[in-house]
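Everything below concerns the one structure shown next.
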Amino acid sequence: MLPATSKLCAAISYRHLRNMTGLRRQAAVAISQELSRLACHSPGASAWIHQVRRRSSLLSSRLEEKPFSEMEMSYIKQGEEALQKSLRILEDQDDWKTETVAGNGDKVLSKVLPGVGKVFRLEVVVDQPLDAVYGELVDNMEQMGDWNPNVKEVRILEKIGKDTVITHEKAAATPGNIVGPRDFVSVRCAKRRGSTCVLAGMSTTYGAMPEQEGFIRAENGPTCMVLRPLAGSPSQTRLTWLLSIDLKGWLPKTIINQVLSQTQVDFAKHLRQRLAQPVPVSC
Numbered sequence: 001m002l003p004a005t006s007k008l009c010a011a012i013s014y015r016h017l018r019n020m021t022g023l024r025r026q027a028a029v030a031i032s033q034e035l036s037r038l039a040c041h042s043p044g045a046s047a048w049i050h051q052v053r054r055r056s057s058l059l060s061s062r063l064e065e066k067p068f069s070e071m072e073m074s075y076i077k078q079g080e081e082a083l084q085k086s087l088r089i090l091e092d093q094d095d096w097k098t099e100t101v102a103g104n105g106d107k108v109l110s111k112v113l114p115g116v117g118k119v120f121r122l123e124v125v126v127d128q129p130l131d132a133v134y135g136e137l138v139d140n141m142e143q144m145g146d147w148n149p150n151v152k153e154v155r156i157l158e159k160i161g162k163d164t165v166i167t168h169e170k171a172a173a174t175p176g177n178i179v180g181p182r183d184f185v186s187v188r189c190a191k192r193r194g195s196t197c198v199l200a201g202m203s204t205t206y207g208a209m210p211e212q213e214g215f216i217r218a219e220n221g222p223t224c225m226v227l228r229p230l231a232g233s234p235s236q237t238r239l240t241w242l243l244s245i246d247l248k249g250w251l252p253k254t255i256i257n258q259v260l261s262q263t264q265v266d267f268a269k270h271l272r273q274r275l276a277q278p279v280p281v282s283c
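Mapping to full-length UniProt numbering: the sequence shown position 110 is 110, numbers consecutive.
Structure below.
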């Protein structure tokens with residue numbers, strides 16, 4: 001039996017066979033059966049057999065997971081692309097120009113990129129630990145309209161795996177209706193690596209959410225927020241927000257630039273107010 005099991009395991013090591021779920025499941029079952037036989041005939045080997053059997057069981061359970069469809073994989077790749085593009089933009093420290101500096105030190109910078117246009121970069125420090133900021137921006141994403149007046153609604157249309165979501169966002173009209181109601185359909189990707197969190201996104205198409213009456217479908221991305229604990233003060237979080245938006249419609253660039261930079265400053269203020277609220281205790 002053992003030679004046959006070895007051949008089956010060797011077979012699934014080939015790339016063109018690794019994608020054959022049935023063959024992988026057959027291999028996992030064969031491994032489990034062979035381990036049981038060895039455990040009965042070789043009591044001294046029971047410890048390492050238990051460890052291998054445990055890993056084999058985990059493999060079997062993973063094989064039962066539903067594989068991603070071609071469309072889902074496309075969205076996952078879009079999210080990864082938004083993340084990589086955003087980080088490349090932020091890593092380039094050249095040519096950033098200061099748009100505004102608030103009294104509390106919040107700063108908005110901008111630069112013009114070929115093929116992308118003007119992008120804005122918010123740099124702030126929030127007096128809250130990273131997990132609290134991450135939870136509000138990711139776990140409580142759909143509640144953003146409750147505390148940010150510039151957002152009318154955020155709704156998750158679909159979750160794909162543990163890192164990717166498709167969202168529909170409605171932006172509130174600006175005072176005086178200078179910029180009318182806009183909406184966005186976005187793919188978002190959230191990654192945590194050690195003490196750094198990156199929340200990236202870009203516009204996408206989603207068949208179940210066509211253009212809405214009364215809203216201009218704008219486009220965003222690549223865009224991202226990077227969260228890191230402040231050096232020497234883990235109870236504070238440094239937040240960097242890269243914003244890239246095409247609002248569409250007939251709007252002077254001066255108006256667009258003013259609205260977007262002010263949107264970032266307002267966001268920081270409202271986020272602080274939200275995080276300063278006491279957390280409700282459930283009975």
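Ideal Cβ positions, reconstructed from N, Cα and C, are used throughout, including at glycine.
With a beta-carbon spacing of about 5 Å, residue 167 and residue 186 fall inside the 8 Å limit used to define contacts. C-alpha of residue 119 to C-alpha of residue 105: approximately 20 Å in a straight line. In this structure residue 265 is in contact with residue 100, their Cβ atoms being roughly 6 Å apart against a cut-off of 8 Å. When secondary structure is reduced to three states using DSSP, residue 73 falls in the helix class. A straight line joining the alpha-carbon of residue 254 with that of residue 240 spans about 23 Å. Under the three-state reduction of DSSP output, residue 277 falls in the coil class, being neither helix nor strand. Residue 254 is not bridged by DSSP to any residue.
Inter-residue distance for residue 155 and residue 93 is about 34 Å (C-alpha atoms, whole angstroms). C-alpha of residue 169 to C-alpha of residue 244: approximately 15 Å in a straight line. Residue 115 is classed as exposed because its beta carbon has fewer than 16 other beta carbons within 10 Å across all chains shown. Here residue 68 carries a coil assignment [DSSP, helix/strand/coil]. Taking a C-beta distance under 9 Å as the contact criterion, residue 275 and residue 171 do not qualify as a contact pair.
Within the same chain, and ignoring the five residues on either side of residue 214 in sequence, the residues whose Cβ sits closer than 7 Å to its Cβ are 181. The secondary-structure analysis by DSSP pairs residue 220 across a beta bridge with 245. Burial state of residue 188 is buried, judged by a 10 Å Cβ sphere holding 16 or more other Cβ atoms. Annotation: the continuous beta strand (DSSP E) that includes residue 183 extends over 182 to 193.
A straight-line Cα-Cα distance of about 11 Å links residue 77 and residue 202. Annotation for residue 200: the continuous beta strand (DSSP E) segment containing it runs 196 to 203.
For the pair residue 150 and residue 68, the CB atoms are not nearer than the 9 Å cut-off. DSSP places residue 212 in the coil class of the three-state scheme, outside both helix and strand. Residue 248 counts as exposed, since fewer than 16 other C-beta atoms from the protein chains shown sit within 10 angstroms of its C-beta. Between the C-alpha atoms of residue 197 and residue 252 there is a straight-line separation of about 35 Å.
Across the structure, residue 259 and residue 242 are spaced so that their CA atoms are roughly 15 Å apart.
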